[in-house]
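If you want my numbering, it's the 1-based position in the sequence shown plus 418.
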Amino acid sequence: MISHQRFEHMLKKQTALSQYSTYEIGGEARYLAEPNTTEDLILLLDQVEKKGMNSFIFGSGSNILFPDQPDPDTLFISMRDHMEAKFHDNKLYVSAGMPMSSLALIGAMNGFHDFDFTFLLPGTFGGGIFMNAKYFSRQMSDVLDTVYYLDLDHISRGVQAIQAEDCEFGYKTTIFQKHRWFVTGADLKLEGTVNDPQLLNTILDQFKSQLYHHSSLGAFSSYYIGHLEQLRSQGRKITAMEDVITDRVGKKHFDYPSCGSVFKNNYDYGVPIGKLADQLNLRGTEYGRAMISPNHGNMIQNRGGAKASDVVHLIQVVQESIDKAFGFVPEPEVVIV
């Protein structure tokens with residue numbers, strides 16, 4: 419009875435999924451929940467199974483295209499409130515819902531720069547592990563030690579652990595994409611000694627109290643760039659993160675709602691998808707209220723009021739055009755629900 423009452427208390431009803439995706443697209447979900455602990459997530463999944471419902475778990479929605487008409491029998495579970503972090507045994511444990519960009523700030527505040535590449539990556543830590551998120555030559559697998567996960571087919575087994583070397587990390591691929599395993603957190607390797615472990619609690623409290631709760635990429639970038647300005651004023655080393663700002667803001671990644679790169683690059687072909695789209699003059703192609711970015715051929719933007727069907731149409735335009743011209747169909751990295 420207590421579990422059922424807790425389940426009902428956590429449910430939000432008739433909630434627009436557009437509020438939970440950086441595409442700012444998605445119809446009204448009949449049921450949605452935002453657990454802030456792994457225990458609450460397990461409770462939700464247990465109740466979903468008992469009630470014969472479906473579930474869809476996600477982070478900040480930065481790599482997801484939600485449907486215009488969500489399945490009424492699915493509980494959508496956002497992990498963006500699941501924020502925990504602690505130092506132990508010269509490692510940093512971080513929970514799935516922590517924003518990836520916060521890792522760079524936590525590192526810089528403690529004198530570590532291994533996580534600088536995560537700055538201005540809009541996803542959550544769990545999603546970054548699932549996709550093995552990367553920026554230029556650095557990727558999530560470079561900094562992981564141990565990953566913790568739930569087997570969604572065997573929830574009763576609780577949280578399990580797997581070493582990073584066993585996670586089958588590749589270019590935007592991991593073992594977690596091959597099984598129904600949901601990442602709940604991970605230990606990050608630290609190079610050096612933590613000077614002030616208590617500082618992390620202060621940082622975490624600050625993030626929890628100040629972190630915005632909407633999906634605007636503009637607000638996201640402003641929030642983290644503002645924090646970087648504070649670090650600069652304190653005389654901390656932030657050169658690598660300043661370079662990220664120059665690159666990503668310069669390419670106008672945050673001007674309109676999007677999910678960043680839509681397609682994985684085909685390394686066998688050897689030319690980035692964005693470059694191939696450019697050769698086919700696809701930049702600026704519009705359908706409905708969606709547009710292939712005029713600044714980047716591998717981004718599709720919501721120019722205001724776009725539907726999921728508009729974005730899917732443009733995805734198909736790019737796939738068909740590249741297949742016809744270059745002989746292969748690019749694989750989406752965005753998850754189409």
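All C-beta atoms, glycine included, are put in the ideal place defined by N, C-alpha and C. Here the structure is a predicted model, which means the values were calculated and not measured.
Measuring CB to CB, does residue i end up less than 9 angstroms from residue j?
i	j	result
F744	Y705	no
L538	S439	no
V755	F548	no
Y441	I495	no
A503	Y511	yes
S513	G544	yes
F505	L618	yes
S421	L450	no
L698	P748	no
L562	K596	no
R707	D728	yes
G692	H671	no
V577	A604	no
D560	D534	no
E452	R498	yes
So what does residue i bridge to, in DSSP terms?
i	result
P750	F681
F476	S496
S513	G603
A451	I495
With a CB to CB cut of under 6 angstroms and the five nearest residues on each side skipped, what residues in its chain are close to residue i?
i	result
A434	E446
P690	N683
S676	M717, Q719
G546	M518, M558
H500	N454, S513, A514, G515
L649	A526, I656
G444	L435, S436, F484
T492	N472, F474
Using C-beta distances below 7 angstroms, list every residue in its chain close to residue i, excluding the 5 sequence neighbours before and after it, in chain order.
i	result
D458	M428
S679	N716, M717, E751
S739	L698, L700
L732	T703, Y705, A708, I710, I718
Whole angstroms is fine: what's the gap from residue i's alpha carbon to residue j's?
i	j	result
D584	T542	22 angstroms
K431	A658	42 angstroms
N508	V730	45 angstroms
V601	D571	14 angstroms
R575	K725	39 angstroms
R701	V735	12 angstroms
Once you ignore the five residues that flank residue i on each side, which residues in its own chain have a CB closer than 8 angstroms to its CB?
i	result
P540	T440, S478, S480, P517, M518, S519, L635, F638, G678
E586	T592, I593, K596
query: Is it a yes or a no for the region 590–608 touching the region 540–554, going by three-plus beta-carbon pairs under 8 angstroms?
result: Contact annotation: the region 590–608 touches the region 540–554, with at least three C-beta pairs closer than 8 angstroms.
field: Stretch pair the region 458–468 + the region 658–668: three plus CB contacts closer than 8 angstroms
entry: Flag = no, the region 458–468 and the region 658–668 do not touch.
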